[in-house]
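In the working numbering, the protein residues as written are 2 to 280.
Below is the structure:
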């Protein structure tokens, strides 16, 4: 796959991932929509959108139950964590865990960092530490643990997608399998269910566009990325989410965040540049 196409697909996927954090946070922030309902509506609307796209192309959904289970765990833990976390800290915890999962898989496969990849990774992690540690308020422990678990589940889901020959069909099948799991969760927690029109609207946007379509795009991009590159590039999402939270949810934006944004996005660029040079 040509490098410019990989870059474009990756950029679109990262914007979708950041959009999920924003949509989930704004839907749950007021308490009008519960986390289980958000998860169910998100996966159901994503499954419907993907089924429609697959049907138009006269293909059949594929995927697998292990991938669907990883998708469900990611989506459910993500929603419950965002009840307590703000947009930026949630995204930082999520994709920090993704990075750890991707790196562990890469080392297990014998993959090693090149000079430019190592420099980019150090720049990314250093930037995130500057953003997260000095002066940052500690997140709720249970919410933080849930988001870390969500990140590890997403790392597993991404790794399983690297060998997919038909990303759209695989994503559709995974969503179709994960939806009943989310519905069971909603039934179990039915006593705590609550919703309103806007919350449901945000959940549908998250599922149909930011999840369903963007995850299919991500599966396509994964075919041109190594595990290290896939993990590193996703670390740009916390910055994108923090910027969106500042603009749309009035969450604070500081000069330090601007500096870290440059560091993280610059590090991601180095990682992708290293891949292009190898090709």
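Every residue, glycine too, gets a C-beta built ideally from N, C-alpha and C.
Say whether chain C places a C-beta atom closer than 8 Å to the C-beta of residue i.
i	result
residue 209	Protein chains in the displayed structure number just one, and chain C is not present.
Would you mind stating whether residue i and residue j have Cβ atoms separated by less than 8 Å?
i	j	result
residue 99	residue 152	yes
residue 217	residue 169	yes
residue 33	residue 197	yes
residue 174	residue 64	yes
residue 40	residue 122	no
residue 223	residue 231	yes
residue 36	residue 81	yes
residue 203	residue 27	yes
residue 92	residue 238	yes
residue 213	residue 172	yes
residue 84	residue 29	yes
residue 62	residue 52	yes
residue 167	residue 60	yes
residue 183	residue 54	no
Could you tell me if residue i is buried or exposed, where buried requires 16 or more neighbouring beta carbons within 10 angstroms of its beta carbon?
i	result
residue 22	buried
residue 137	Caution applies to residue 137, whose pLDDT of 49 falls short of 50 and renders its modelled position unreliable; the model cannot decide the point.
residue 244	buried
residue 290	Outside the displayed range of the chain (2 to 280) lies residue 290, so it cannot be described from this structure.
residue 162	buried
residue 164	exposed
residue 9	exposed
residue 199	exposed
residue 259	exposed
residue 57	exposed
residue 195	exposed
residue 263	exposed
residue 248	exposed
Would you kindly work out how many angstroms separate the C-alpha atoms of residue i and residue j, rounded to a whole number?
i	j	result
residue 103	residue 160	8 Å
residue 73	residue 180	8 Å
residue 118	residue 190	45 Å
residue 186	residue 120	43 Å
residue 128	residue 113	22 Å
residue 270	residue 240	14 Å
residue 131	residue 250	22 Å
residue 105	residue 124	19 Å
residue 208	residue 115	37 Å
residue 206	residue 24	8 Å
residue 90	residue 252	11 Å
residue 126	residue 94	12 Å
residue 12	residue 87	23 Å
residue 70	residue 268	32 Å
residue 235	residue 272	11 Å
residue 155	residue 145	15 Å
residue 14	residue 157	17 Å
residue 256	residue 38	37 Å
residue 4	residue 226	10 Å
residue 31	residue 266	31 Å
Return the first residue and the last residue of the alpha helix (DSSP H) that residue i is part of.
i	result
residue 158	142-161
residue 93	88-109
residue 219	215-223
residue 10	4-30
residue 66	66-82
residue 169	168-189
residue 52	36-57
residue 242	238-250
residue 164	Looking at the DSSP string, residue 164 is not in any alpha helix (DSSP H), and its letter there is neither H nor E.
residue 200	198-206
The ligand NAD and residue i: does the residue's C-beta get closer than 7 Å to at least one heavy atom of that ligand?
i	result
residue 256	The model depicted lacks the ligand NAD and carries no ligand whatsoever.
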